[in-house]
Each structure stands twice: as structure tokens, then as C-alpha cells.
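Asker: Sharing a structure with you now.
Residue numbers (the UniProt record's numbering): 1 to 139.
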């Protein structure tokens, strides 16, 4: 299935805003808490808690872990889950726990969703459920 308005470039800058920030120089991580919003291009990820892992010895982000209720929006598509991991270098987002994907009038639920932001595709797994709406006769 498609996800987002168009394929996403992982080379775009990642902007993070939050209420608080704690940095651990030893392990190369930063924890953002309180109304965390992460933006990259037209993609937005929000959660109460996000841990950012930086590439060893660099300031570039390697991956993001979001917990405690995550919302991901790209174009007209929106997804919710208990947690999400975003590997910035590969462009893969894994969402876990009570995943809900809304695309227009359609909704799909499952245990996990894998989003390839580069290809603009997504795959649901784990007891997937959807309701298909018939087209009205006038269309």
C-alpha cells in the first residue's frame, strides 16, 4: 500500500522540537520529552517521548525511538501506534502496538506497520483488519 503523498528524501534535515532535552555524550543519545514534534520534509512524527541516537562520533542522526503514543503524518495519510522506530539512514519506520492507518475514508488496523519513506510504501502485519467501502452507483 502507498503511504504519503510522494516518496520521501532521507537527505532532508530533521527538525526536533520538545519541552525538554537531555543529552548523554557517552552513548551518543538525546532524549526529548513533552509534546515532541519531529519534522522531515512533509513528514511529521509526534510523541510524548523520543530518544535520538547519533552516529558514532558525529552529529548526524542514525535513528529515532518514539514511545507512549506516536502519530505519523505524511501528506493526507496518518498513522497511530504505541511506539515507533525510524532508521534515518535507511528511511524505514517500524510502528508497533495497536497500529491505525487512515487514508481518506479508509482505515486499516494491525499489530505492526513498516513504512519505507523512500519508496512511499507501507506494509501492515499482525491481525490486519480493514473495512472496504463500496463505490456509490453515481461514480
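Heads up, the beta-carbon is just placed ideally off N, CA and C, and yes, glycines get one too.
Can you tell me which of the three DSSP states residue 97 falls into?
Answerer: Looking at residue 97 - three-state DSSP - the assignment turns out to be strand.
Asker: Starting from residue 83, follow its DSSP beta bridges and name the residues at the other end.
Answerer: Paired residues: 96.
Asker: Under a three-way DSSP split, which group does residue 48 fall into?
Answerer: Looking at residue 48 - three-state DSSP - the assignment turns out to be strand.
Asker: With a CB to CB cut of under 6 Å and the five nearest residues on each side skipped, what residues in its chain are close to residue 128?
Answerer: Taken in chain order, the residues that qualify are 110.
Asker: Along the chain, where does the beta strand (DSSP E) containing residue 73 start, and where does it finish?
Answerer: Element bounds for residue 73: 70-74.
Asker: At the level of alpha carbons, what is the spacing between residue 88 and residue 135?
Answerer: When rounded, the distance between both Cα atoms is 38 Å.
Asker: CB-CB under 8 Å to residue 132, same chain, minus the five flanking residues each way: which ones, in chain order?
Answerer: Contacts found: 106.
Asker: Taking just the CA atoms, how far does residue 1 sit from residue 17?
Answerer: Roughly 30 Å separates the two Cα atoms.
Asker: For residue 67 and residue 83, which I take to be in contact (beta-carbon distance under 8 Å), what is that distance rounded to the nearest angstrom?
Answerer: Confirmed, about 5 Å.
Asker: Starting from residue 26 and walking both ways along the beta strand (DSSP E), at which residues does that stretch end?
Answerer: Run containing residue 26: none; DSSP gives neither H nor E here.
Asker: By the three-class DSSP mapping on this structure, what secondary structure does residue 118 have?
Answerer: DSSP places residue 118 in coil when its eight states are reduced to three.
Asker: Classify residue 15: buried if its beta carbon has 16 or more other beta carbons within 10 angstroms, exposed otherwise.
Answerer: Classification of residue 15: exposed, given that the 10 Å Cβ count is below 16.
Asker: With residue 65 and residue 35 assumed to form a contact (beta carbons below 8 Å), what rounded beta-carbon distance in angstroms separates them?
Answerer: Rounded, the Cβ-Cβ distance is 17 Å, inconsistent with contact.
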